[in-house]
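Residues 2 to 167 in our numbering are what the sequence shown lists, from first letter to last.
Glycine residues also receive a C-beta, built at the ideal position from the N, C-alpha and C atoms.
This report concerns only the one structure given below.
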Amino acid sequence: MDVEKMQGPPAGLNRQRPARPGWDEYFMNIASVVATRSTCLRRQVGSVVVRDKRILCSGYNGAPAGLKHCLDIGCLREQKGIPSGQRHELCRGLHAEQNAIIQAAVHGTAIKGSVYYVTHQPCILCAKILINAGIKKVVFQGEYPDPMALELFAEAGVELMRYQPE
Numbered sequence: 002m003d004v005e006k007m008q009g010p011p012a013g014l015n016r017q018r019p020a021r022p023g024w025d026e027y028f029m030n031i032a033s034v035v036a037t038r039s040t041c042l043r044r045q046v047g048s049v050v051v052r053d054k055r056i057l058c059s060g061y062n063g064a065p066a067g068l069k070h071c072l073d074i075g076c077l078r079e080q081k082g083i084p085s086g087q088r089h090e091l092c093r094g095l096h097a098e099q100n101a102i103i104q105a106a107v108h109g110t111a112i113k114g115s116v117y118y119v120t121h122q123p124c125i126l127c128a129k130i131l132i133n134a135g136i137k138k139v140v141f142q143g144e145y146p147d148p149m150a151l152e153l154f155a156e157a158g159v160e161l162m163r164y165q166p167e
C-alpha cells in the first residue's frame, strides 16, 4: 500500500461527534433512565450510588418486590388527598434512595463514602438513611418540598449539589 495515500484521518473520523458528557451529567442521565422503571403515579424518581466513577447500585421508587404496584391498584396518597412531602408512611412505595441502599445491602455492596445521584431532592426520611449509610455527597436535580432534609444534610456535613444541565 502506498504510504502517501494513507495520510489524513481514517475513514469515518472526520465527522463531528456529540460532546462527551462530564461525570455528573453521565450519572444523572443514568439516574433518569433508572427512574423510567418507577411504578409511582405521582413522581418518577431514579438514583445511582457511585464510588470512584463506578456505579455500585441503583434504585427507583415503587412497591416492595412481589407486591401490587400503584400503577395497577391506584395511589393511596391521591385517594386520601395527602400533599407531597407529608405522611410518607401512607404509601405502598419505597423511595428510590431506600431501594438503592436496600439493593446494596442485599448484594453485600459497601457504599460508605460514595456519591449519591438522584433525580429529585431527597426527603427527610431518605436524608437520615443516606447520612447513616455514610454517603459523602448527594447530587440531585428536581426539587422536593422538604427544607428540613437540607438542614440535616448540612448538619451532618454531607455535601449537596444541585445538578443543572447545560
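Asked                                                                       : Found
Residue range of the unbroken beta strand (DSSP E) whose run includes Cys58 : 55-61
Gly86 versus Val51, Ile125, Thr110, residue with shortest Cα-Cα distance    : Ile125
Spatial distance of Lys113 from Val34 (CA atoms)                            : 24 Å
C-alpha distance - Glu98 paired with Asn62, whole-angstrom precision        : 8 Å
Extent of the continuous beta strand (DSSP E) run through Arg163            : 160-163
8 Å Cβ cutoff, Arg16 in contact with chain D                                : No chain D appears in this structure, which consists of one protein chain only.
Anticipated Cβ contact below 8 Å, Val139 with Leu161, distance rounded      : 5 Å
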